[in-house]
Structures are given as structure tokens and as C-alpha cells.
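Asks: The working numbering puts the first residue of the sequence shown at 689, with every later residue one more than the last. Just so it is clear, CB atoms sit at the ideal spot from N, CA and C, and this is done for glycine as well. Please read these numbers as outputs of a predicted model, since none were measured by experiment.
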Amino acid sequence: MIDQFYKDIKLTHFASYLPQRAVTNKDIVTAMKSEVSEEVLFRTVGAREKRAAHIDEMGSDMLASVGSLLLASSGVKTEEISKLICSCDPVDQAAPDSSVLAQYKLGLSCASFGISMSCVGWLCGLQTATGLMQNGDKKILVLASSTVGSKFKFNSPMHRAIFGDGAGGVLVQRGTGIQGASILAIDLLTIGQFYKDIYAPMAWSNVPEQIPDKFKDSFFMNYDNQVFFDALDKYVKPFFNNVMSKAQVTINDISRFIVHQASMPIFNHTVKSFGIPPDKVANYYEKYGNTIAAELPMYVDMELRAGRIKKGDLVVCFTYGAGFTAGVMVLKF
């Protein structure tokens, strides 16, 4: 049953964008002069390759590419868009926000702003968009891009092998008679005590003393997967179940699950622990890696194009990331 708060709000068009260049585990081993073999990287992380942006291609460029696809497929004119909400990891520069550049590159005249919530950024942008629509907005673009794989500094091939670049997004519209996916429930979660377990510093950051010296100036992710397993089971699983309850659905009701693929060990633990049927889960990790907040809209778009999501289907979008943060959305197509 659709919550009255979300009545007449539809997710009408999805789009995805992937850079052309593919980076394999062999490429990573060679570039980082690592003694770790490409097969060890695959067995440990679960990805064989991922996409990487060109050195001159920024997150805002990929946001603009997705936005252009959405405008073209929907037939909506630039002047009809009332807000542009972007999750861009990492941002192009400290200021202005990457959404400003994306707005300019798209030729929009609306207000634009960025959302920073790691892998949950796109869902956070969507929940923000629904609130804005209660205030009168009619057409909002919610976009996400990740160039973590190509822009972050990595001191470990294991860390580099996790991340791929990509972008995705959705056009959200409000009005009677509009066709599209309806939101049954959506919510967000933050568990701040884990902020040191996934960490990427700025040049001016006060890096926590618990971060190993080797990673003081680069991306760091705790090598102990049990930390993530325990947090998922203790904090995120009850949150997930609560959102499902709000939507008045059960696991068995869902046709397709888009579950965040942080790494294959973490992904596999989540699917098993949460009781999600593996055959109902979209799985693109081996080919594209972890694309942060861009992952959910990218994979919804791919699943729609492949015919694995159809009209009438119930779909769960579920993600979690640095912070720790988490987000769940239940959709009816």
C-alpha cells in the first residue's frame, strides 16, 4: 500500500553511464608493483575488472552524461527541472560543489546541491526529493557518480580492486496520472562510531590515530570483515526489517533485490544473514566492482533494460557504506 506522503510521486525514468576503459586485477597488480597475484585479488575481493574514468573525466562529467540520458528518454525540457540533487564521490574540488558544474554542463537553470552520504547518497537524495515535492516541486533529477576507483589514492591493491567508476540517476516526477515506480517506504541510518573503519582523508584532515601509518594519506578500509558482519547483523538488519514492515511487505513478496556490493564477502554475508534469496539479487560486482552511491540507480536501469524488473514488481534497493551509513527503499513498478 502506497503511503499518502508519496502519493502521486513517481520514479519515471532511470539511466546509467559507465566509462569505456576497463581495469583488470592484472592492471592493478602491474601498476602498483604488487606481489599479490590477480587471482588472490579476485578470491579476496570478488571483482575481476571494473571501469575507470579518463584522467580528465570528473564526477560532474558523468553526472551530466546521466542527466542528459534522462532528459532525452523522458522528453522533459531543461527548464522544467526544478531541482538537481547530486551525490558525487569524490567531489571534483572543495568548492563549488560538483552539482554546480553538473547543472552548468546540463544547461539547467534550477537550484542544484550535493548530498554526501557515501554509498547511501542516492537514496538520501531521493528522500530529500520527496520532501521537496511536498513543497511544490514537480520534476527533480537525482543523480549519483563515483570516480573513487580512479581518483582516490590507494596504498593497497586489495583496496583498489574493490572500486569501479560509474554513474546513475532517476527522474522523479509528481502529478496525477504519471506512470512510474511508486515508493512504498524509504529510510536512512547512520552509526557514527564506525567512522574509522572506512576512511579517506582530505589534505587538511585530522587523521584518527587508529588508522595505520601506511594509510594516513590514502584510502583505508578495515581488513577485518567481521567488523562489518557484526555491524550489519546488529544495527542494519533490524533497520532493514523495520523499513520492510513500513512498506507492509515480506522478503517473499519481493521480485528483485538491488543489494549493495561493497565486496563479495560482505555482499554474500548480507544476502545470507538477511534471508534474501540469492536468485532474486542483481549481481554485477565481478564486472563493475563497488560504484558507491551510483550502484543502485545503475543496476535498476540495467535490470529494467534486461527485463528482470517488470510492471507490477516489488523491488528493494538496499545499500550501506562508510560512516557506517545505510538506506533502504521499497518500490512498486
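#1: Of the choices Met746, Leu758 and Glu768, whose alpha-carbon is the least far from that of Asp777?
#2: Just grab the DSSP bridge partners of Arg709 for me.
#3: Alpha carbon to alpha carbon, how far is Gly995 from Gly863?
#4: So, is Gln791 buried or exposed, given that buried needs 16 or more other C-beta atoms within 10 angstroms?
#5: Quick one: grab the DSSP three-state call for Ile716.
#6: Taking the alpha-carbon positions, what's the Ser834 to Ser951 distance?
#7: Have a look at the DSSP bridge pairing and note the partners of Ala703.
#8: Can you list the alpha helix (DSSP H) stretches of 4 or more residues lying completely in the region 969-1000, in chain order?
#9: So within the region 781-815, which uninterrupted alpha helix (DSSP H) runs reach at least 4 residues, ignoring any that extend past its ends?
#10: Could you tell me the boundaries of the beta strand (DSSP E) in which Ala873 lies?
#11: Where does Ile743 land, buried or exposed, given buried means 16+ other C-beta within 10 angstroms?
#12: Can we say the region 963-982 touches the region 727-742, given the rule of at least three CB pairs closer than 8 Å?
#13: Roughly how many angstroms lie between the CA atoms of Val635 and Leu872, to the nearest whole one?
#14: Pull the bridge partners of Ile773 from the DSSP assignment, please.
#15: For the candidate residues Lys721, Asp905, Glu768 and Trp810, whose alpha-carbon lies nearest to that of Ser704?
#16: Out of curiosity, what's the CA-to-CA distance linking Ser748 and Val836?
#17: Under the rule that 16 or more other beta-carbon atoms within 10 Å means buried, what is Ala935, buried or exposed?
#18: Hey, could you find the ends of the alpha helix (DSSP H) Tyr946 is sitting in?
#19: Taking 8 Å as the limit between beta carbons, can you name the residues of its chain near Phe928, skipping five residues before and five after?
#20: Residue range of the alpha helix (DSSP H) that Ala891 falls in?
#21: Look at the alpha carbon of Ile1094 and the alpha carbon of Ile828, and state the distance between them as a whole number of angstroms.
#22: Whole angstroms is fine: what's the gap from Glu897's alpha carbon to Ala849's?
#23: Measuring straight from C-alpha to C-alpha, what distance separates Met990 and Ile946?
#24: Assuming Gly868 and Leu759 make a contact with CB atoms under 8 Å, what is their CB distance in whole Å?
#25: What is the DSSP secondary structure of Ala903, counted as helix, strand or coil?
#26: Whole angstroms are fine: how far does the CA of Ala919 sit from the CA of Gly1009?
#27: Using the three-state DSSP reduction, which class does Ile866 fall into: helix, strand or coil?
#28: Can you tell me the Cα-Cα spacing of Leu796 and Thr766, whole angstroms?
#29: Which of the three DSSP states, helix, strand or coil, is assigned to Thr938?
#30: Could you compute how far the alpha carbon of Tyr823 sits from the alpha carbon of Val830?
#31: When the Cα of Asp885 is compared with those of Arg739, Phe907 and Ile874, which residue comes out closest?
#32: Distance, Cα to Cα, Val860 vs Ile942?
#33: Pull up the distance between the alpha-carbon of Ile980 and that of Gly852, whole angstroms please.
#34: Cβ atoms of Leu751 and Ala855: under 8 Å apart, would you say?
Replies: Taking the coordinates as given:
#1: Met746
#2: Answer by DSSP bridge pairing: none, since Arg709 is not bridged.
#3: 26 Å
#4: buried
#5: helix
#6: 16 Å
#7: Gly857
#8: 973-976 and 983-993
#9: 786-794
#10: Ala869 to Thr878
#11: exposed
#12: yes
#13: It is not possible to answer for residue 635, since the shown part of the chain is limited to 689 through 1021.
#14: Phe801 and Val830
#15: Trp810
#16: 13 Å
#17: buried
#18: The amino acid at residue 946 is misidentified as Tyr; the sequence shows Ile. Unbroken run through Ile946 is the beta strand (DSSP E), Arg944 to Val947; no alpha helix (DSSP H).
#19: Phe962, Phe1006, Ala1014 and Val1016
#20: No alpha helix (DSSP H) contains Ala891, which DSSP labels as neither H nor E.
#21: Shown here, the chain extends from 689 to 1021; a query on residue 1094 therefore has no answer.
#22: 25 Å
#23: 11 Å
#24: With a Cβ gap of about 16 Å, Gly868 and Leu759 do not count as contacting.
#25: The sequence as given places Phe at residue 903; Ala does not occur at that position. In this structure, Phe903 counts as helix in the three-state DSSP scheme.
#26: 11 Å
#27: coil
#28: 5 Å
#29: coil
#30: Strictly speaking, residue 823 in this sequence is Asn, with Tyr absent from that position. When rounded, the distance between both Cα atoms is 17 Å.
#31: Phe907
#32: 22 Å
#33: 8 Å
#34: yes
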